[in-house]
Amino acid sequence: MGDVPLYERVRLAIAASIDDGTYAPGERLPSESRLADDLGVNRLTVRRAIEELARAGAVESRQGSGTYVSAPIVRLPVSQKLSTDSLVSSMTAQIAAQGHTYEDVFLRATTVDDPALNASLRLPAGPLWRIDNAIVVNDLSWMWSRSWVAKDLLDDPERHWSQVEGLYGQLNLAVGELVPLWRAILADAATLEDAEILGVRPGSPLLIREGLTADETGTPIMRVCRRARMDRVSYVLRYTDQ
């Protein structure tokens, strides 16, 4: 521990007290002075440690009230095998399998007829549905998606929406097997739109997954962009069943 900065040792000590229940979710932490006395350090060291804990989402400061333990963060690894079965089952099934409550919530759908947009999305010519939906886990919006789908494949996305199967369920009924052509994972900062849907601050880090999906003939039918809270979701690509 000799090479570990003092504030980091204090951070680890406070984090351990949170993990073992000494400080429960929603409970106010002792004052900086009290923590400094208990841990044998100065207040500046405690303050730096608490800042690091707040940055990680473990605690939150409330102006004029103090620092409180945050609700526990559940990081959900969304496994995605490179197979159609994994695509069709969608993330919602994996979320439920891990004991979380979820809803695939329809947000809005509009039609777009812009040949330049089709070309940029690598989709065939013709009008598109632009469909927005959000994955709500344990009553919190963890991610939202914007999908562009050939309009002639779906009649009324909102009327036929299922909070279990979402858009993939409708497409599966419409065209049969869905074939993932490619997926890309990257990072981005939250926009004002992201902030409104996900309940984060503008500029917060997000995990982005983009992809193009085809029907059984290999014809592209959907382009999707999922924008997820980086403190809630991680992606795991599995190349085998092990």
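Heads up: the sequence shown begins at 6 in our numbering, then just goes up one per residue.
Glycine residues also receive a C-beta, built at the ideal position from the N, C-alpha and C atoms.
Point to revise | Under 8 Å between C-beta atoms of Y12 and V74 | key: It is not a contact, given that the beta carbons lie outside the stated cut-off.
Review point. Would you say A189 and L159 are within 8 Å of each other, going by their C-beta atoms?
Key: no
**Study point:** Coarse secondary structure for P129, derived from DSSP in three states
**Key:** coil
Practice item. Report the three-state DSSP secondary structure of P185 (helix, strand or coil). Key: It is a strand residue.
Practice item. Measure the Cβ-Cβ separation of A155 and I226 and say whether it is below 8 Å. Key: With respect to I226, A155 sits close: the two C-beta atoms are nearer than 8 Å.
Exercise for review: Could you tell me the distance, in whole angstroms, from the CA atom of W149 to the CA atom of P30?
Suggested key: 27 Å
Review point. Do you know offhand how far R53's Cα is from W147's?
Key: When the Cα atoms are used, R53 and W147 turn out to be separated by approximately 29 Å.
Review point. CB R231 to CB R206, shorter than 8 Å?
Key: no
Check your understanding: How would you write the range of the beta strand (DSSP E) that R151 sits in, first residue to last?
Key -> 145-155
Point to revise | Pairwise C-alpha distance: N47 and V241 | key: 42 Å
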